[in-house]
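K.L.:
This structure is in structure tokens; I'll ask about it shortly.
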Amino acid sequence: MENKKLASKKAKDPRVMPHSIEAEQCVLGCAFIDQDASFGVMSALKESDFYSETHKIIFESMYKVFSSNTPIDFVTITEHLEKTGNLESVGGIDYLTTLTNVVPSASNFQHYVDIVKNNSVLRQLIGAGQDIINKSYGDVDMEDALTFAEENIFRIGDKDDRGGLTHINVAVNNTIANFEELQNNKGSIRGVPSGIYGLDKITNGFQKGALILIAARPGCGKTSLGMNMINHAAVKCGKKCAIFSLEMSKEEIAARSICSLAYVDMGNALKGEMNDKEWKAVLAASKRLSEANIYIDEGFSKSPVDILSKCRKLKREKGLDILMIDYLQLMQGSTAKSQENRTQEISDITRTLKMAARELEIPIILLSQLSRQSETRKDHRPILSDLRESGSIEQDADMVLFIYRADMYNDVPEAEREAGIAEIIIAKNRAGKCDTIKTKWVGSITSFLNLDKDANAQSLEETAPVPHDAPPSKPVEVLQEDEELIPLPEESSAPAEVPSVPVASEEIPPPDIDDIPMMPLGEADELLDIFE
């Protein structure tokens with residue numbers, strides 16, 4: 002009954018901020034009479050959490066005494082208040098005596114702390130709401146007003162320290178449990194698979210909370226590599242993926258993905274020159290892509306705060322396993338102040354995205370441009386210092402992947418240029434070794450293909466056909482500026498039943514069996530027939 006009374010105590014005037022004087026008195030009283038309670042109160046609350054000015058002064062005095070490694074009790078607090086000239090202003094010895102007698106024991110101190118903290122957050126929300134109202138009345142751009150509102154609200158939640166100190170025994174037990182799971186599931190990918198066998202073998206997939214940077218010079222295929230990874234995660238592994246593209250429309254993304262999955266020359270598709278086999282392969286690929294959980298925002302969200310806001314909603318409503326942003330240099334800082342200095346702005350963006358990856362517990366793939374420095378060197382392979390406006394990019398990223406293609410440079414020997422080899426260079430790996438993985442770049446289908454025979458054999462074994470009795474495909478959903486989910490246009494010309502076999506274009510020389518796509522669509526036997 003007492004707890005209910007404390008929690009529901011509010012001033013009759015609705016314009017008075019939420020507070021409970023009784024709960025504040027109980028908190029301070031518990032700190033007076035119990036040493037363990039004083040530790041809990043000092044770590045959970047701060048001066049601004051109290052509504053009463055008197056209680057703010059008393060708590061501040063307690064905190065200073067506590068910080069000096071002196072026990073909190075009636076004598077030490079009275080002496081400190083007297084030295085600072087605040088004893089009489091808080092009601093003198095009589096009021097301090099009242100606080101020590103307000104609770105019989107400190108057993109319920111955590112409940113009193115929760116009431117004080119709850120009222121403090123409510124007051125902060127009211128204050129933030131008033132600031133948002135005042136901001137909206139001014140001459141301000143809509144995007145700036147929305148960003149201001151989001152930042153003010155999110156800042157309140159961020160102030161709540163949900164971590165705290167944890168005994169290492171907890172971390173040890175969690176780690177051993179993870180090791181045990183890995184031992185019992187040898188060979189399985191723990192994170193989100195990229196589809197690049199050599200990369201997954203080193204990284205064990207992209208891990209939760211990781212910020213993965215994919216950087217390359219323009220035209221090297223960073224968007225294609227990112228899309229290959231997202232398509233692999235969504236289509237083959239059933240992961241829920243989000244794409245924030247500041248460069249391409251949702252239709253361009255869909256066209257690339259379909260042609261890549263179908264192994265059809267995108268040029269033929271865009272010119273309307275596909276043969277029957279290619280058209281059937283495109284329809285089969287579009288069906289599988291439509292059934293995948295991929296959500297697209299096509300350039301409406303440029304700040305990390307906007308992206309985080311939409312991803313929070315998506316994760317809550319649909320779920321989210323991995324996010325890709327294309328690309329860093331097209332993003333904007335969340336505040337006008339950060340935009341004054343581009344290096345600082347990039348630093349703020351990468352730092353926010355790293356925190357977002359940890360909060361959402363997903364890997365974030367961030368694409369980035371490289372500077373021209375690599376083009377001036379004899380060896381054109383990128384290095385970390387080539388990152389544009391580097392600053393904190395290298396520091397915040399858990400993994401940095403570079404793309405190097407010899408065919409992009411005229412001063413490279415002709416044999417290397419014609420080989421079509423694309424190197425994926427792991428330049429930084431916080432959780433493992435750095436290495437280079439060689440893949441086959443096929444520009445006509447914007448795909449990076451595995452060269453490893455074991456990888457392709459594994460892909461063939463795992464391939465599943467599209468069942469003819471599968472339920473009607475659902476369209477890829479798209480995140481728009483208002484955060485509503487809208488469907489892409491349905492394929493009107495798709496037949497009721499289509500084969501699921503990807504067919505290579507007749508105009509493209511068929512690849513060797515070693516170059517089978519990372520995400521084959523048909524059954525193993527059907528896929529092998531393509532290359533006979």
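For the sequence shown, position 51 matches number 52 in my numbering, and the numbering has no gaps at all. All C-beta atoms, glycine included, are put in the ideal place defined by N, C-alpha and C. Quick caveat: nothing in here was measured; it's all calculated off a predicted structure.
1) Would you grab the beta carbon distance between Glu248 and Tyr328 for me? Rounded to a whole angstrom, and I think it's under 8 Å.
2) Consult DSSP for Glu534 and reduce its assignment to one of helix, strand or coil.
3) If we ignore side chains and look at the alpha-carbon of each, how far apart do Gly92 and Ile59 end up?
4) Are three or more beta carbon pairs between the segment 169-176 and the segment 283-290 nearer than 8 Å?
5) Just checking, does the segment 422-436 make contact with the segment 398-406 on the three C-beta pairs under 8 Å criterion?
6) Can you tell me the Cα-Cα spacing of Pro194 and Val306, whole angstroms?
7) Tell me, please, which residues DSSP counts as bridged to Lys319.
8) Buried or exposed for Tyr296, going by 16 or more other Cβ atoms inside 10 Å?
9) If you reduce the DSSP assignment to three classes, tell me which class Leu324 lands in.
10) Work out the CA separation of Val117 and Pro19 for me, nearest whole Å.
11) DSSP puts Met400 in a beta bridge; with which residues?
12) Grouping DSSP H, G and I as helix and E and B as strand, with all else coil, what is Val17?
13) Once DSSP output is grouped into helix, strand and coil, what is the label at Asn451?
14) Report yes if the CB atom of Ile78 is closer than 9 Å to the CB atom of Ser90, and no otherwise.
15) Looking only at C-alpha atoms, which of Thr101, Leu368, Arg156 and Thr98 sits nearest to Leu122?
16) Pick helix, strand or coil for Ser304, following the three-state DSSP scheme.
17) I think Asp322 touches Ala234, with their Cβ atoms under 8 Å apart; what is that distance to the nearest whole Å?
18) In angstroms with no decimal places, state the Cα-to-Cα distance between Ile363 and Phe75.
19) Around the C-beta of Met519, are 16 or more other C-beta atoms found within 10 angstroms, so that it is buried, or is it exposed?
20) Comparing alpha-carbon positions, which option in Ile169, Ile197 and Lys202 lies nearest Lys187?
21) Looking at the unbroken alpha helix (DSSP H) that takes in Lys65, where does it start and where does it end?
22) Does DSSP classify Ser369 as helix, strand or coil?
23) Measuring alpha carbon to alpha carbon, tell me which of Met332, Asn153, Trp280 and Glu360 ends up nearest Ser348.
24) I'd like the span of the alpha helix (DSSP H) that includes Ile363, first residue to last.
25) Any idea which residues DSSP pairs Cys242 with across the strands?
26) In or out: Thr351 buried (at least 16 other Cβ within 10 Å) or exposed?
27) How should Val467 be labelled, buried or exposed, when 16 other C-beta atoms within 10 angstroms of its C-beta is the threshold for buried?
28) Can you check whether the CB of Met325 is closer than 9 Å to the CB of Met230?
29) Shortest alpha-carbon distance to Ile197 belongs to which of Ile259, Thr440 and Lys429?
30) From Ser445 to Leu385, what does the alpha carbon distance come to, in whole angstroms?
31) Smallest Cα separation from Phe207: which of Ala407, Ala256 and Gly192?
32) List the DSSP bridge partners of Ile350.
33) What's the gap between the Cα of Ala416 and the Cα of Met356?
34) With 16 other CB atoms within 10 Å as the buried threshold, where does Ala12 fall?
35) Cα separation between Ser21 and Glu54?
36) In the DSSP output, which residue or residues are listed as bridge partners for Val443?
P.N.:
The structure says:
1) So it is a contact: roughly 7 Å between Cβ atoms.
2) Given a span of 2 to 533 for the chain in the structure shown, any question on residue 534 remains unanswerable.
3) 10 Å
4) no
5) The segment 422-436 is in contact with the segment 398-406.
6) Straight through space, the alpha carbons of Val306 and Pro194 are spaced by roughly 27 Å.
7) DSSP output for Lys319 lists no bridge partner at all.
8) Of the residues assessed, Tyr296 falls on the buried side of the cut-off, its CB having 16 or more other CB atoms within 10 angstroms.
9) strand
10) 10 Å
11) Ile213 and Asn430
12) Coil.
13) strand
14) No. Outside cutoff.
15) In the sequence on display, residue 122 carries Val and not Leu. For Val122, the nearest C-alpha among the options comes from Arg156.
16) coil
17) 7 Å
18) The straight-line gap from Cα to Cα measures roughly 49 Å.
19) Caution applies to Met519, whose pLDDT of 41 falls short of 50 and renders its modelled position unreliable; the value that the coordinates give is listed next. Result: buried.
20) The shortest C-alpha separation from Lys187 is found at Lys202.
21) Glu54 to Ser68
22) strand
23) Of the candidates Met332, Asn153, Trp280 and Glu360, the one whose C-alpha sits nearest the C-alpha of Ser348 is Met332.
24) No alpha helix (DSSP H) contains Ile363, which DSSP labels as neither H nor E.
25) Ile295 and Ile323
26) Buried, because 16 or more other Cβ atoms sit within 10 Å of the Cβ of Thr351.
27) Residue confidence for Val467 is low, a pLDDT of 34 falling below 50, so the modelled location carries little weight and cannot support an answer.
28) For Met230 and Met325, yes; Cβs fall inside 9 Å.
29) Thr440
30) 29 Å
31) In terms of CA proximity to Phe207, Gly192 leads the group Ala407, Ala256 and Gly192.
32) Paired residue(s): none; Ile350 is not in a bridge.
33) 44 Å
34) With a pLDDT of 46 at Ala12, under the threshold of 50, the modelled position of that residue is not reliable, and the figure given next carries that caveat. Counting the other Cβ atoms within 10 Å of the Cβ of Ala12 gives fewer than 16, which makes it exposed.
35) Going from the Cα of Ser21 to the Cα of Glu54 covers about 13 Å.
36) Ser448
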